[in-house]
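First to last, the sequence lines map onto chains A and B.
In this note's numbering, each residue carries its 1-based index in the first sequence increased by 13.
In this note's numbering, each residue carries its 1-based index in the second sequence increased by 222.
Note that beta-carbon positions come from the ideal geometry of N, C-alpha and C, so glycine has one too.
As the structure is a computational prediction, the values presented were derived from the model and not from experiment.
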Amino acid sequence: MIRVKRFKLQPVHLWIAFLMLLLGAGLVAYGIVLVKGLSVTNLSDLVPWGLWITIDLSAIALSAGAFTLCAVVYLLGLKKYEPVARTATFIGLIGYSMALLTLLLDIGRPDRFWHAIVYWNTHSLLWEVSMCLTLYLCVLLLETAPLIGRTDWMQARFPWLSNKMMHIHHFAPILALLGLGLSMLHQSSLGATYGVLIARPIWYKPSLSVLFMFSAIVGGPALTVLITKLSGKLTPRAKVDDTLLEKITLFIGWALVGYIYFRFWDAFSMTYTYEPGKTEALGMLTSGPLAFNFLVGEMLLGAVVPAVLLLVPRFRKSWTAQVIALMLIVAGVVAFRWDVNMSGLLVVLTYLPQEVTTIYTTYFPSVIEIISGVGVVAYGALAITLAIRYLNLIDHTKKEKEVVESPLVVAGTD
Amino acid sequence: VKENTTIQRRDFLKFLALGSVAAGGLRLARLTSASETGGSSPYRWAMVIDQDKCTGCGQCTLACRAHNDVPPEISWNRVLEAGEIGDKQVHLPRPCMHCEEAPCVNACMVGASYHRADGIVMMDYDKCIGCRYCEVACPYGARAFNWESFDGPNPAVPEWGHPEVERRPRGVVEKCSFCYQRIDRGLKLGLKPGVDEEATPACVVACPVGARKFGDLNDPDSEVSQLIKNNPYFRLRDDLGTSPRVYYLPPKMEVNK
Numbered sequence: 014m015i016r017v018k019r020f021k022l023q024p025v026h027l028w029i030a031f032l033m034l035l036l037g038a039g040l041v042a043y044g045i046v047l048v049k050g051l052s053v054t055n056l057s058d059l060v061p062w063g064l065w066i067t068i069d070l071s072a073i074a075l076s077a078g079a080f081t082l083c084a085v086v087y088l089l090g091l092k093k094y095e096p097v098a099r100t101a102t103f104i105g106l107i108g109y110s111m112a113l114l115t116l117l118l119d120i121g122r123p124d125r126f127w128h129a130i131v132y133w134n135t136h137s138l139l140w141e142v143s144m145c146l147t148l149y150l151c152v153l154l155l156e157t158a159p160l161i162g163r164t165d166w167m168q169a170r171f172p173w174l175s176n177k178m179m180h181i182h183h184f185a186p187i188l189a190l191l192g193l194g195l196s197m198l199h200q201s202s203l204g205a206t207y208g209v210l211i212a213r214p215i216w217y218k219p220s221l222s223v224l225f226m227f228s229a230i231v232g233g234p235a236l237t238v239l240i241t242k243l244s245g246k247l248t249p250r251a252k253v254d255d256t257l258l259e260k261i262t263l264f265i266g267w268a269l270v271g272y273i274y275f276r277f278w279d280a281f282s283m284t285y286t287y288e289p290g291k292t293e294a295l296g297m298l299t300s301g302p303l304a305f306n307f308l309v310g311e312m313l314l315g316a317v318v319p320a321v322l323l324l325v326p327r328f329r330k331s332w333t334a335q336v337i338a339l340m341l342i343v344a345g346v347v348a349f350r351w352d353v354n355m356s357g358l359l360v361v362l363t364y365l366p367q368e369v370t371t372i373y374t375t376y377f378p379s380v381i382e383i384i385s386g387v388g389v390v391a392y393g394a395l396a397i398t399l400a401i402r403y404l405n406l407i408d409h410t411k412k413e414k415e416v417v418e419s420p421l422v423v424a425g426t427d
Numbered sequence: 223v224k225e226n227t228t229i230q231r232r233d234f235l236k237f238l239a240l241g242s243v244a245a246g247g248l249r250l251a252r253l254t255s256a257s258e259t260g261g262s263s264p265y266r267w268a269m270v271i272d273q274d275k276c277t278g279c280g281q282c283t284l285a286c287r288a289h290n291d292v293p294p295e296i297s298w299n300r301v302l303e304a305g306e307i308g309d310k311q312v313h314l315p316r317p318c319m320h321c322e323e324a325p326c327v328n329a330c331m332v333g334a335s336y337h338r339a340d341g342i343v344m345m346d347y348d349k350c351i352g353c354r355y356c357e358v359a360c361p362y363g364a365r366a367f368n369w370e371s372f373d374g375p376n377p378a379v380p381e382w383g384h385p386e387v388e389r390r391p392r393g394v395v396e397k398c399s400f401c402y403q404r405i406d407r408g409l410k411l412g413l414k415p416g417v418d419e420e421a422t423p424a425c426v427v428a429c430p431v432g433a434r435k436f437g438d439l440n441d442p443d444s445e446v447s448q449l450i451k452n453n454p455y456f457r458l459r460d461d462l463g464t465s466p467r468v469y470y471l472p473p474k475m476e477v478n479k
């Protein structure tokens with residue numbers, strides 16, 4: 014029987030259309046980059062990494078909700094957060110695919126992307142990162158498989174495959190352990206990618222790996238909770254349990270305090286001695302072109318304000334304050350990645366023997382870089398929107414249903 | 223469907239099997255990776271640049287562009303102005319330092335930058351994926367990315383020489399190679415790099431005032447060994463511990479002239 018549903022234009026349709034529009038523009042820009050090469054960017058030999066690397070690093074950091082929450086649920090055994098972990102896992106999968114899409118754009122020879130897996134230089138931090146990314150993407154695919162297998166459509170069309178996919182859920186604890194290991198490795202190594210370079214004094218310190226890891230643990234769950242809370246307000250398809258989320262936001266708030274502590278000492282300890290290159294780069298952050306981004310974007314709005322909003326109970330109880338705090342955290346993580354990359358690259362230390370001078374250079378992404386970058390972000394937003402609509406991505410009521418169902422299942426098998 | 227997450231023995235074994243297959247596959251992939259440093263070499267190539275002699279004419283850069291088919295917007299060998307002594311402008315030619323502890327070699331994730339046994343830091347242009355991490359890692363700005371493809375004639379050819387190596391494609395990083403092609407070919411012909419022109423880097427041959435010397439540090443009698451032994455010298459950013467193989471003889475004050 015064919016049922017004809019009358020199409021009624023809802024805001025979500027406009028949202029999807031808007032994202033498709035951005036995605037389309039992004040695809041065109043992506044094509045232009047692939048055909049014309051990186052000369053269409055504003056990157057240079059002095060600033061070889063720019064907007065795309067920031068999107069890349071941010072996407073990975075903000076996907077950290079997946080490993081954090083999976084570890085909480087399957088390793089610490091806090092089962093009640095399982096529905097949130099499921100949402101986080103899917104967001105993680107999309108985030109990592111965004112990172113891979115951006116990386117493909119950023120490398121000069123995208124046709125050779127597979128070299129990263131086949132040819133090994135085990136001394137390279139980027140080798141370690143690309144290995145972890147590849148393996149962790151596999152883990153995320155396995156972790157997401159039950160979510161896809163569970164859909165009515167899969168069950169009706171491919172019952173065998175659907176069962177197999179759901180069966181993977183048995184491995185959740187092992188996958189969570191693998192995910193935790195791989196994530197801790199590469200989230201830190203991404204900071205170390207910068208941190209081991211003696212050529213760039215502001216990067217050359219062990220703290221970057223710690224800070225990258227820490228900010229990911231704060232930012233990842235923040236994005237998951239943010240998307241969940243917004244969806245709960247905007248669509249009836251997302252069934253949200255706010256008390257469940259409040260505990261997580263409290264955790265995020267305290268983790269943020271820890272992050273501020275590390276970040277403060279990291280910056281403060283650099284202010285004491287003059288070190289060529291490092292001091293100039295710090296100057297860029299505190300009073301130069303990156304100052305607004307660092308002081309206001311990263312520190313005040315990205316860390317201090319949300320920490321207050323999430324830790325003072327009066328604010329935390331307010332939906333609006335919570336959502337604002339989470340948005341600020343997410344933006345703060347992005348600002349942190351941008352500042353790290355830029356502060357190291359915009360200061361060029363000369364190697365002349367007579368004088369240790371620093372030269373400043375500039376970078377602003379080209380239109381093509383921006384459009385293709387926005388396209389990648391739009392892809393992520395679209396994928397998550399569709400998953401909320403069609404994959405039942407956010408459903409905190411599932412737990413109760415299970416309680417009702419499971420005795421029947423047990424009874425049936427007895 | 224049950225939603226329990228207890229792992230049965232069978233599942234665990236399956237998982238282990240899957241893991242070992244994956245590890246084995248990766249191991250196999252590892253074996254296919256070529257251009258390992260390997261081997262040993264009796265030579266340890268180095269360059270000595272005498273700042274006192276260098277006039278900053280830039281002929282080294284042009285000869286380099288011709289012999290290595292380098293596009294006009296890239297310089298493997300840059301000649302910088304480096305202050306003045308009295309009223310004399312001092313110059314600093316900067317090839318790749320071919321560092322013993324090369325940050326680029328450690329940085330490169332696919333091993334496209336690697337050490338040859340004779341110390342030359344080489345680029346495998348067929349492996350490079352163009353991630354530009356090496357550019358970020360190099361303290362000397364010695365690396366250049368091919369932002370565009372280099373088509374058409376090379377303006378430095380034929381005036382300054384003829385290309386001896388393949389042109390690099392768009393999207394890979396390139397840099398000075400100490401003219402390895404001239405060294406290797408020369409050695410095969412029984413010539414001595416640093417002494418015989420055909421076996422010596424093009425920039426050294428092109429220098430009209432003899433400010434650049436090339437040779438083997440393992441040979442105590444080579445010109446480079448002697449120059450380093452008998453003169454004060456410095457290396458660029460020696461404080462970084464990169465241990466460059468390019469040595470500079472500083473400019474001297476001109477007295478009573």
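- Task: Would you tell me roughly how many angstroms separate the C-alpha atoms of A/V347 and B/V312, rounded to the nearest one?
- Result: 44 Å
- Message: Taking only three categories from DSSP, how would you classify A/G90?
- Response: DSSP places A/G90 outside both helix and strand once states are collapsed to three, so it counts as coil.
- Please confirm whether A/E141 and A/S202 have their CB atoms less than 7 Å apart. yes
- Run down chain A in chain order and give the residues with a C-beta less than 7 Å from the C-beta of B/R459. Chain A residues near B/R459: Y364.
- Item | Neighbour flag for B/R392 against chain A, beta carbons, 7 Å | yes
- Per-residue burial, A/V238 [other beta carbons within 10 Å of its own, 16 or more giving buried]: buried
- Task: State the Cα-Cα distance for the pair B/A256 and B/R390, rounded to the nearest angstrom.
- Result: In this prediction, B/A256 has a pLDDT of 41, which is less than 50 and means its spatial position is unreliable; nothing more can be read from the coordinates.
- Task: Using three-state DSSP, classify A/M340 as helix, strand or coil.
- Result: helix
- Message: For B/P472 and A/S282, what's the separation of their Cα atoms in angstroms?
- Response: Their Cα atoms are separated by approximately 36 Å.
- Query: Which residues, in chain order, does the segment 127-144 of chain A contribute to contact with chain B at a C-beta distance below 7 Å?
  - Reply: From the segment 127-144 of chain A, only H128, A129, I130, V131, Y132, W133, N134, H136, S137, L139, W140 and S143 have a Cβ closer than 7 Å to chain B.
- Flag this pair as yes or no: are the beta carbons of A/A77 and A/G208 separated by less than 7 Å? no
- Item | Residue environment, B/A239, which counts as buried when at least 16 other CB atoms sit within 10 Å | Answer is exposed; the Cβ neighbour count stays below 16.
- Task: Identify which residue in A/G90, A/I104, A/Y364 and A/I107 has its Cα closest to the Cα of B/P466.
- Result: A/Y364
- Rounded distance between the beta-carbons of A/L88 and A/L247, thought under 8 Å: Going by Cβ atoms, the distance from A/L247 to A/L88 rounds to 32 Å, so no, they are not a contact pair.
- Message: Which runs of the alpha helix (DSSP H) at least 4 residues long sit entirely within the segment 236-324 of chain B? Give them in chain order.
- Response: 281-289
- Message: Just verifying my parser: in three-state terms, what is the DSSP assignment at A/H128?
- Response: helix
- Item | Separation of B/D291 from A/D58, as counted between CA atoms | 19 Å
- Does B/D272 have its Cβ less than 7 Å from a Cβ in chain A? B/D272 is outside the set of residues whose beta carbon lies under 7 Å from a beta carbon in chain A.
- Examine chain B for any beta-carbon lying closer than 7 Å to the beta-carbon of A/S282, and answer yes or no. no
- What residue range is occupied by the uninterrupted alpha helix (DSSP H) comprising B/T422? Taken as a continuous stretch (DSSP letters only), B/T422 belongs to no alpha helix (DSSP H), as it is neither H nor E.
- Query: At which residues does the beta strand (DSSP E) containing B/R434 begin and terminate?
  - Reply: R434 to D438
- Name, please, each residue of chain A whose Cβ falls closer than 8 Å to the Cβ of B/F237. F184 and I187
- So, B/A339 versus B/G261, is the Cβ gap smaller than 7 Å? yes
- Item | Any 3 or more C-beta pairs closer than 8 Å across the segment 44-61 of chain A and the segment 366-382 of chain A | yes
- Same chain, Cβ closer than 8 Å to B/S297, neighbours up to 5 away in sequence not counted: Within the same chain, and ignoring the five residues on either side of B/S297 in sequence, the residues whose Cβ sits closer than 8 Å to its Cβ are T283, C286, R287 and A366.
- When the distance is taken between beta carbons, is B/A424 closer than 7 Å to B/C276? no
- Compare the beta carbon distance of A/R163 and A/M144 with 7 Å and say whether it is the shorter of the two. no
- Query: Should the segment 320-328 of chain A be called in touch with the segment 255-272 of chain A, which here means at least 3 C-beta pairs below 8 Å?
  - Reply: yes
- Query: Got a sec? Which residues, its chain only, sit under 7 Å from A/G44 by beta carbon, not counting five neighbours each side?
  - Reply: Cβ within range, chain order: n/a, list empty.
- Item | Exposed unless 16 or more other CB atoms sit within 10 angstroms - verdict on A/K291 | buried
- Cβ neighbours of A/T81 in the same chain (closer than 6 Å, five flanking residues each side left out): I230, G233 and P234
- Item | Length of the line joining the Cα atoms of A/V25 and A/L106 | 23 Å
- Message: So with CB distances below 9 Å, who are the chain A contacts of B/Y362?
- Response: From the beta-carbon of B/Y362, the residues of chain A found nearer than 9 Å are A212 and Y364.
- Task: Alpha carbon to alpha carbon, how far is A/L27 from A/K21? Give it in angstroms, no decimals.
- Result: If you take the alpha carbons of A/K21 and A/L27, they lie about 11 Å apart.
- Query: For A/S110 versus A/R350, is the C-beta spacing smaller than 7 Å?
  - Reply: The answer is no: Cβ separation not under 7 Å.
- Query: Just by C-beta distance, which residues in the segment 27-56 of chain A are closer than 7 Å to chain B?
  - Reply: G50, L51 and S52
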